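Numbered according to the numbering used here, the sequence shown spans residues 6 to 421.
Note that beta-carbon positions come from the ideal geometry of N, C-alpha and C, so glycine has one too.
Predicted, not measured: the structure shown is a model, and the values here were computed from it.
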Amino acid sequence: MAFIAVKTYAQQAVSINSSNTYASNTVTVGVGNITVNQDVQSGADAERSKTFTKSFSVDNSDKVNLNNQYGSIIIKNWDKKEVRVDIDIKAYSNSDSDAQKLIDDVNIDANKSGDAVSIKTNLGNRNGRWGRSVRNGVTTWRREVKINYIVYMPSVNPLTVLQQYGNVELGNFSGPTSLKIQYGNLVAGNLSNANNYINVQYGKCDIQDLNAAVVKHEYNGPVTIGSVGTLELNAQYVGVNINTIRKSADIKIQYGKGLTVGTIGGNLLLNAEYAKVNVNTVKGNTVVKQAYGDLNIASAGKIAVNAEYSNVTLGALNGDANINMDYNRLTVNEITPACKNFTFSGEYVTVGLGFADRFNGNFNLSTSYAGFKYGANVTSNLVSKDDENKKYSGKIGSGGVANVNIKTEYGSVTFK
């Protein structure tokens, strides 16, 4: 069901203040189911507007596809087996005739074909300059259109959104989603389906909860996620903040303001370049490739790290570790008895390892142009040395089944 309403106003209004006098004239015409409002103010923008409304009956498996530009999309859930779209379209220009041309060039294509409802904004000729100029808070020039969707639909239907130059707002939603936003922000509630794809460019992303998702984000940001089950994330030139990852995550982050995560309940696969990473807790296994940015994990289980030009800091290490580094610093505050094998290989790295009071193990250390210092709980023997190389072996605590193996060139090693 579709209806078009065109309204025409015939009115004149005059407002006077201390500095300006404005005359406003409107003309209207009505035609079934598109609404056109015409407002002209001398000394201000010319504005034209029209509205579009259409509804479609759907079942739970029908797909909904939305494609819009230069405006917003707000999606509201309801219990009806129906999709309804209300679209408000406005055109602005410095001349009445140009505003009319702009509004005439905007058309909405809304149809249902098979199991898919598709609603798309079509723009005609976009010749000439578009945009808005503001000086001292006052619009001095304007030529643009605004096309704002409000969509009412069941929350279970598969949803695809393509939005350019505008924001998308979505509440709690249980159907599969594919959301692509360019030059706009995404705000969403709980996306509880196991199939969510999110792609944001030049905007912000704020999501309360995700069951499982693939998220790609480039520029601007930040990305803010309250909680997520399983996550695959690729972020560039943005900051990322995640409170909780309930299961596992595969994260790639490059440049930007870095990554901050609270708790990860499963495994973490991380590839970070030119980005600082802060994680509070990883309960599963961690594999990290880090370059040109610091890595801080307050509590980690089993971990493998390959890092260069990065400072790596681990708070409590509650599993085995295999760490390879070139340049900068490695600090492990507390290696617990849960770590049975600790292996480090590096060049130009300052290494500081702290061992829990209950940790007991043996160590082998090979250095080249690197110093070695140790505390009272360490027993060390110099096995061999020459002008360049030294080898040490000994015990941490009373010795035992745990093994610490270190090979380093340049830099220094300290056992605390």
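Original post:
ALA321 bridges to which residues according to DSSP?
Top reply: According to DSSP, residue pairing for ALA321 in a beta bridge involves SER304, GLU339.
**OP:** Going by CA-CA distance only, name the one from VAL122, ARG363, ASN70, ILE108 that's closest to SER62.
**Re:** VAL122
Original post:
Since ALA407 is in the beta strand (DSSP E), which residue starts that stretch and which ends it?
Top reply: 407-414
**OP:** Less than 8 Å between the CB atoms is what I'm expecting for ALA309 and ALA296, so what's the real figure, rounded?
**Re:** About 15 Å separates the two Cβ atoms, so there is no contact after all.
Original post:
How many Å lie between ASP211 and ASN382 at the Cα?
Top reply: 49 Å
Subject >> Any beta strand (DSSP E) of 3 or more consecutive residues that is wholly inside the segment 182-266 >> reply: 182-187, 191-196, 201-241, 244-250, 254-259
Original post:
What does a CB cutoff of less than 6 Å around GLY271 pick up in its chain, not counting 5 residues either side in sequence?
Top reply: LYS252, SER253, GLY289
Original post:
By Cβ distance below 6 Å, which residues in the same chain neighbour ARG363 in space, the five residues on each side in sequence not counted?
Top reply: PRO342
**OP:** State the Cα-Cα distance for the pair ALA407 and LEU322, rounded to the nearest angstrom.
**Re:** 13 Å
Original post:
How far does the alpha helix (DSSP H) with ALA280 in it reach, from first residue to last?
Top reply: First-last for ALA280: undefined, no H or E at that position.
Original post:
For ASP101, which three-state DSSP category applies?
Top reply: helix
Subject >> Own chain partners of LYS421 with C-beta closer than 6 Å, once the 5 adjacent residues on each side are dropped >> reply: Only GLY359, GLY380 meet the Cβ criterion.
Original post:
Roughly how far, in whole angstroms, is the beta-carbon of GLY351 from the beta-carbon of GLY324, given that I think they are within contact range, below 8 Å?
Top reply: That pair is no contact at about 20 Å.
Subject >> Beta-carbon proximity list for GLN74, same chain, < 8 Å, skipping 5 on both sides >> reply: THR126, LEU128, ILE152, GLN168, GLN169, TYR170, GLY171.
Original post:
Where VAL337 and TYR353 are concerned, what is the direct C-alpha to C-alpha distance, given to the nearest angstrom?
Top reply: 17 Å
Subject >> Straight-line gap, SER389 to LEU273 (C-alpha atoms, nearest Å) >> reply: A direct Cα-to-Cα measurement between SER389 and LEU273 gives close to 40 Å.
**OP:** Put VAL32 into one of helix, strand or coil per three-state DSSP.
**Re:** With a pLDDT of only 30 at VAL32, under the threshold of 50, the placement of this residue in the model should not be trusted; the figure read from the coordinates follows. In this structure, VAL32 counts as strand in the three-state DSSP scheme.
Subject >> Selection from ASP110, ASN162, LYS395 that minimises the alpha carbon distance to ASN132 >> reply: ASP110
**OP:** Kindly indicate the opening and closing residues of the beta strand (DSSP E) around VAL356.
**Re:** 346-360
Original post:
Nearest to GLY267 by CA position, among PHE347, SER102, LEU319, ASN285, is which residue?
Top reply: ASN285
Original post:
Where LYS281 and GLY244 are concerned, what is the direct C-alpha to C-alpha distance, given to the nearest angstrom?
Top reply: 9 Å
**OP:** Tell me whether ASP331 sits in a helix, a strand or coil according to DSSP, three-state version.
**Re:** Note: ASP331 maps to strand in three-state DSSP.
Original post:
If you follow the beta strand (DSSP E) that SER138 is part of, which residue opens it and which one closes it?
Top reply: 136-140
**OP:** Return helix, strand or coil for LYS106, following the three-state DSSP convention.
**Re:** helix
Original post:
Would you report the Cα separation of PHE57 and ALA115, rounded to the nearest angstrom?
Top reply: 10 Å
**OP:** Keeping to the same chain, check which residues put their C-beta closer than 6 Å to that of LYS185; ignore five residues upstream and five downstream.
**Re:** LEU167, ASN204
Subject >> Candidates ASN410, ASN365, LYS395, of which the one nearest SER403 by Cα >> reply: ASN365
Subject >> Distance between SER60 and VAL69 (C-alpha atoms, nearest Å) >> reply: 12 Å
**OP:** Look up ALA121 in the DSSP assignment and say whether it is helix, strand or coil.
**Re:** strand
**OP:** Kindly give me the distance between the Cβ atoms of SER54 and LYS95, rounded to whole angstroms, as I take these residues to be in contact under 8 Å.
**Re:** 5 Å
**OP:** Compute the distance between the beta-carbons of VAL219 and TYR202, then report whether it is under 8 Å.
**Re:** yes
Subject >> Residue interval of the beta strand (DSSP E) (run including SER54) >> reply: 51-62
**OP:** Using only alpha-carbon positions, find the residue among HIS222, GLY208, ILE411, ASP50 that is nearest to VAL143.
**Re:** Answer by Cα proximity: ASP50.
Subject >> Buried versus exposed call for ASP67 [16 or more other C-beta atoms within 10 Å across all chains shown] >> reply: buried
Original post:
Under 8 Å between the Cβ atoms of ASN329 and THR318?
Top reply: no
**OP:** Specify, as a first and last residue, the run of the beta strand (DSSP E) that SER77 falls within.
**Re:** No beta strand (DSSP E) holds SER77; DSSP gives it neither H nor E.
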